[in-house]
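Enquirer: My questions all concern the structure below.
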Amino acid sequence: MPSAPQLRSLSPVRPARAEDESALVALDRATWSTLHSVQPEPRPPYPPFFDDRHRPAEYLLAEAVTDTGGTDLAGYIRLARPTPLACNAHVRQIQGLAVAEWARGHGVARALLRAAYTEARRLGAGRITLRVLGHNAPARALYASEGFTVEGVLPGEFFLNGRYVDDVLMGRPLTP
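Anchor point for the sequence shown: position 60 equals 59 in numbering that gives the first Met the number 0, and the numbering is continuous, going up by one each time.
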(Lines of atoms letter the chains of each structure in order from A and count residues from 1; the text may use other names and numbers.)
(Lines give C-alpha, C1' and ligand atoms only; values in the text may rest on other atoms or scores of the structure.)
Protein backbone atom coordinates (compact mmCIF):
# COMPACT_ATOMS: atom_id res chain seq x y z
CA MET A 1 0.00 0.00 0.00
CA PRO A 2 1.51 3.37 -0.98
CA SER A 3 2.26 5.81 1.81
CA ALA A 4 0.14 8.92 2.22
CA PRO A 5 1.51 12.10 0.67
CA GLN A 6 3.12 14.67 2.94
CA LEU A 7 1.65 18.17 2.75
CA ARG A 8 4.24 20.78 1.74
CA SER A 9 2.02 23.82 1.15
CA LEU A 10 -1.64 24.66 0.78
CA SER A 11 -2.85 26.20 -2.48
CA PRO A 12 -5.51 28.93 -2.40
CA VAL A 13 -9.02 27.53 -1.93
CA ARG A 14 -10.91 27.42 -5.22
CA PRO A 15 -14.40 26.59 -6.49
CA ALA A 16 -15.02 23.01 -7.62
CA ARG A 17 -15.41 22.09 -11.27
CA ALA A 18 -17.20 19.12 -12.82
CA GLU A 19 -13.85 17.47 -13.55
CA ASP A 20 -13.10 17.36 -9.79
CA GLU A 21 -15.81 14.75 -9.25
CA SER A 22 -13.59 11.65 -9.15
CA ALA A 23 -11.20 13.21 -6.60
CA LEU A 24 -14.15 14.35 -4.48
CA VAL A 25 -15.71 10.88 -4.60
CA ALA A 26 -12.42 9.31 -3.47
CA LEU A 27 -12.02 11.81 -0.60
CA ASP A 28 -15.63 11.44 0.49
CA ARG A 29 -15.34 7.64 0.66
CA ALA A 30 -11.96 7.75 2.41
CA THR A 31 -13.18 10.13 5.12
CA TRP A 32 -16.62 8.61 5.77
CA SER A 33 -17.24 8.01 9.48
CA THR A 34 -20.15 7.94 11.91
CA LEU A 35 -18.25 10.66 13.78
CA HIS A 36 -19.64 13.13 11.24
CA SER A 37 -22.05 11.32 8.92
CA VAL A 38 -25.56 10.02 9.47
CA GLN A 39 -25.59 8.44 6.02
CA PRO A 40 -24.90 4.72 5.62
CA GLU A 41 -21.35 3.83 4.63
CA PRO A 42 -21.01 4.23 0.85
CA ARG A 43 -21.26 0.96 -1.08
CA PRO A 44 -21.44 0.18 -4.80
CA PRO A 45 -23.17 1.14 -6.93
CA TYR A 46 -22.12 4.62 -5.93
CA PRO A 47 -24.33 7.57 -6.85
CA PRO A 48 -22.70 10.50 -8.62
CA PHE A 49 -21.11 13.10 -6.35
CA PHE A 50 -22.62 15.96 -8.35
CA ASP A 51 -26.31 15.98 -9.25
CA ASP A 52 -29.19 18.45 -9.46
CA ARG A 53 -29.12 18.99 -5.68
CA HIS A 54 -25.30 18.99 -5.29
CA ARG A 55 -23.77 21.26 -7.90
CA PRO A 56 -20.05 22.00 -8.33
CA ALA A 57 -20.74 25.69 -7.64
CA GLU A 58 -21.63 24.80 -4.02
CA TYR A 59 -18.22 23.30 -3.26
CA LEU A 60 -14.92 24.92 -2.41
CA LEU A 61 -11.75 22.84 -2.60
CA ALA A 62 -8.44 22.95 -0.79
CA GLU A 63 -5.52 21.48 -2.69
CA ALA A 64 -2.05 20.89 -1.35
CA VAL A 65 1.35 20.61 -2.93
CA THR A 66 2.79 17.38 -1.59
CA ASP A 67 6.20 15.79 -1.29
CA THR A 68 5.47 13.89 -4.51
CA GLY A 69 5.68 17.20 -6.36
CA GLY A 70 2.04 16.99 -7.34
CA THR A 71 -1.09 18.69 -6.15
CA ASP A 72 -3.64 16.57 -4.31
CA LEU A 73 -7.14 17.30 -3.02
CA ALA A 74 -6.75 18.00 0.70
CA GLY A 75 -10.36 18.85 1.54
CA TYR A 76 -13.67 20.35 0.55
CA ILE A 77 -16.52 22.33 2.04
CA ARG A 78 -20.08 22.54 0.73
CA LEU A 79 -21.82 25.89 1.09
CA ALA A 80 -25.50 25.94 0.15
CA ARG A 81 -28.76 27.70 0.89
CA PRO A 82 -30.53 25.98 3.79
CA THR A 83 -33.91 26.45 2.06
CA PRO A 84 -35.11 27.78 -1.30
CA LEU A 85 -37.24 30.43 0.45
CA ALA A 86 -36.59 34.08 -0.45
CA CYS A 87 -37.02 35.07 3.20
CA ASN A 88 -34.03 32.80 4.04
CA ALA A 89 -31.75 33.97 1.22
CA HIS A 90 -29.52 35.91 3.64
CA VAL A 91 -28.29 32.63 5.19
CA ARG A 92 -25.82 30.08 3.87
CA GLN A 93 -25.27 26.70 5.46
CA ILE A 94 -22.23 24.48 5.57
CA GLN A 95 -23.54 21.11 4.43
CA GLY A 96 -20.33 19.12 4.38
CA LEU A 97 -16.68 19.48 5.30
CA ALA A 98 -14.06 16.79 4.73
CA VAL A 99 -10.28 16.82 5.09
CA ALA A 100 -7.99 14.00 3.95
CA GLU A 101 -6.34 12.15 6.81
CA TRP A 102 -2.85 13.09 5.56
CA ALA A 103 -3.81 16.80 5.48
CA ARG A 104 -5.26 17.06 8.99
CA GLY A 105 -3.53 19.34 11.46
CA HIS A 106 -2.30 21.72 8.76
CA GLY A 107 -5.11 24.31 8.85
CA VAL A 108 -7.05 22.91 5.89
CA ALA A 109 -10.46 22.94 7.61
CA ARG A 110 -9.90 26.47 8.92
CA ALA A 111 -8.87 27.67 5.45
CA LEU A 112 -12.00 26.10 3.97
CA LEU A 113 -14.22 27.72 6.61
CA ARG A 114 -12.72 31.14 5.99
CA ALA A 115 -13.10 30.76 2.24
CA ALA A 116 -16.74 29.79 2.84
CA TYR A 117 -17.31 33.00 4.84
CA THR A 118 -15.89 35.04 1.97
CA GLU A 119 -18.01 33.22 -0.60
CA ALA A 120 -21.16 33.50 1.54
CA ARG A 121 -20.64 37.26 1.87
CA ARG A 122 -20.08 37.52 -1.90
CA LEU A 123 -23.44 35.79 -2.35
CA GLY A 124 -25.12 38.32 -0.07
CA ALA A 125 -25.34 36.26 3.11
CA GLY A 126 -25.23 37.91 6.50
CA ARG A 127 -25.01 34.71 8.52
CA ILE A 128 -23.82 31.15 8.21
CA THR A 129 -25.07 28.01 9.95
CA LEU A 130 -24.19 24.34 10.20
CA ARG A 131 -25.23 21.13 11.89
CA VAL A 132 -22.72 18.93 13.69
CA LEU A 133 -23.14 15.68 15.55
CA GLY A 134 -22.94 16.13 19.29
CA HIS A 135 -20.18 13.54 19.69
CA ASN A 136 -17.90 15.22 17.13
CA ALA A 137 -15.81 17.14 19.69
CA PRO A 138 -12.96 18.08 17.29
CA ALA A 139 -15.37 19.69 14.81
CA ARG A 140 -17.33 21.45 17.53
CA ALA A 141 -14.12 22.89 18.99
CA LEU A 142 -13.01 24.11 15.56
CA TYR A 143 -16.36 25.77 14.89
CA ALA A 144 -16.40 27.41 18.33
CA SER A 145 -12.88 28.76 17.72
CA GLU A 146 -14.21 30.30 14.49
CA GLY A 147 -17.00 32.16 16.29
CA PHE A 148 -19.86 29.69 15.87
CA THR A 149 -22.19 29.35 18.84
CA VAL A 150 -24.69 26.64 19.65
CA GLU A 151 -28.14 27.86 18.61
CA GLY A 152 -30.06 24.68 19.25
CA VAL A 153 -29.79 21.00 20.06
CA LEU A 154 -32.01 18.18 18.89
CA PRO A 155 -31.38 15.60 21.63
CA GLY A 156 -30.95 11.99 20.51
CA GLU A 157 -31.84 12.90 16.92
CA PHE A 158 -29.76 10.09 15.38
CA PHE A 159 -29.09 6.48 16.39
CA LEU A 160 -25.51 5.65 15.38
CA ASN A 161 -23.39 2.69 16.43
CA GLY A 162 -25.86 1.62 19.08
CA ARG A 163 -26.36 4.99 20.77
CA TYR A 164 -28.39 8.15 20.40
CA VAL A 165 -26.49 11.21 19.22
CA ASP A 166 -27.56 14.87 19.40
CA ASP A 167 -27.82 17.07 16.32
CA VAL A 168 -26.23 20.40 17.27
CA LEU A 169 -27.18 23.53 15.33
CA MET A 170 -24.50 26.23 15.24
CA GLY A 171 -24.32 29.62 13.58
CA ARG A 172 -22.47 32.90 13.40
CA PRO A 173 -22.85 36.30 11.80
CA LEU A 174 -20.77 37.17 8.75
CA THR A 175 -19.72 40.63 9.81
CA PRO A 176 -16.54 41.75 8.04
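Even for Gly, the Cβ is constructed at its ideal location relative to N, Cα and C.
Note down, in chain order, each residue of its chain lying with its Cβ closer than 7 Å to the Cβ of residue 71, except the 5 sequence neighbours on either side.
Expert: So the qualifying residues of the chain are 4, 62, 63, 65.
Enquirer: Considering only their Cβ atoms, is the gap separating residue 97 from residue 75 smaller than 8 Å?
Expert: Cβ distance < 8 Å, so residue 75 and residue 97 count as in contact.
Enquirer: In angstroms with no decimal places, state the Cα-to-Cα distance between residue 158 and residue 140.
Expert: Taking the straight line joining both Cα atoms gives about 22 Å.
Enquirer: Any chance the segment 142-161 sits against the segment 8-27, with 3 or more Cβ pairs inside 8 Å?
Expert: Taking 8 Å as the limit for Cβ pairs, the verdict is that the segment 8-27 does not touch the segment 142-161.
Enquirer: Checking 8 Å against the spacing of the C-beta atoms, do residue 60 and residue 15 come in under that value?
Expert: For residue 60 and residue 15, yes; Cβs fall inside 8 Å.
Enquirer: Quick check on the burial criterion: 16 or more other C-beta atoms within 10 angstroms. Buried or exposed for residue 19?
Expert: It counts as buried.
Enquirer: Ignoring anything shorter than 3 residues, give me the beta strand (DSSP E) runs that lie fully in the segment 74-126, in order along the chain.
Expert: If we require 3 residues or more, the beta strand (DSSP E) runs fully inside the segment 74-126 come out as 90-98.
Enquirer: Using a Cβ-Cβ cutoff of less than 6 Å, which residues in the same chain neighbour residue 134 once the five nearest sequence positions on both sides are dropped?
Expert: Within the same chain, residue 134 has close Cβ partners 164.
Enquirer: CA-CA distance, residue 57 and residue 161?
Expert: Cα to Cα, the separation comes out at about 33 Å.
Enquirer: Is the beta carbon of residue 128 less than 8 Å from the beta carbon of residue 81?
Expert: The answer is yes: Cβ separation under 8 Å.
Enquirer: From residue 17 to residue 50, what distance separates their C-alpha atoms?
Expert: Rounded to whole angstroms, residue 17 to residue 50 spans 10 Å at the Cα level.
Enquirer: Between which two residues does the alpha helix (DSSP H) holding residue 27 run?
Expert: Run containing residue 27: 20-30, per the alpha helix (DSSP H) assignment.
Enquirer: In chain order, what residues of the same chain lie with their CB nearer than 7 Å to the CB of residue 35, ignoring the 5 residues before and after it?
Expert: Excluding positions up to five away in sequence, the list reads 132, 135, 138.
Enquirer: Taking the straight line between their C-alpha atoms, what separation do you get for residue 39 and residue 33?
Expert: Taking the straight line joining both Cα atoms gives about 9 Å.
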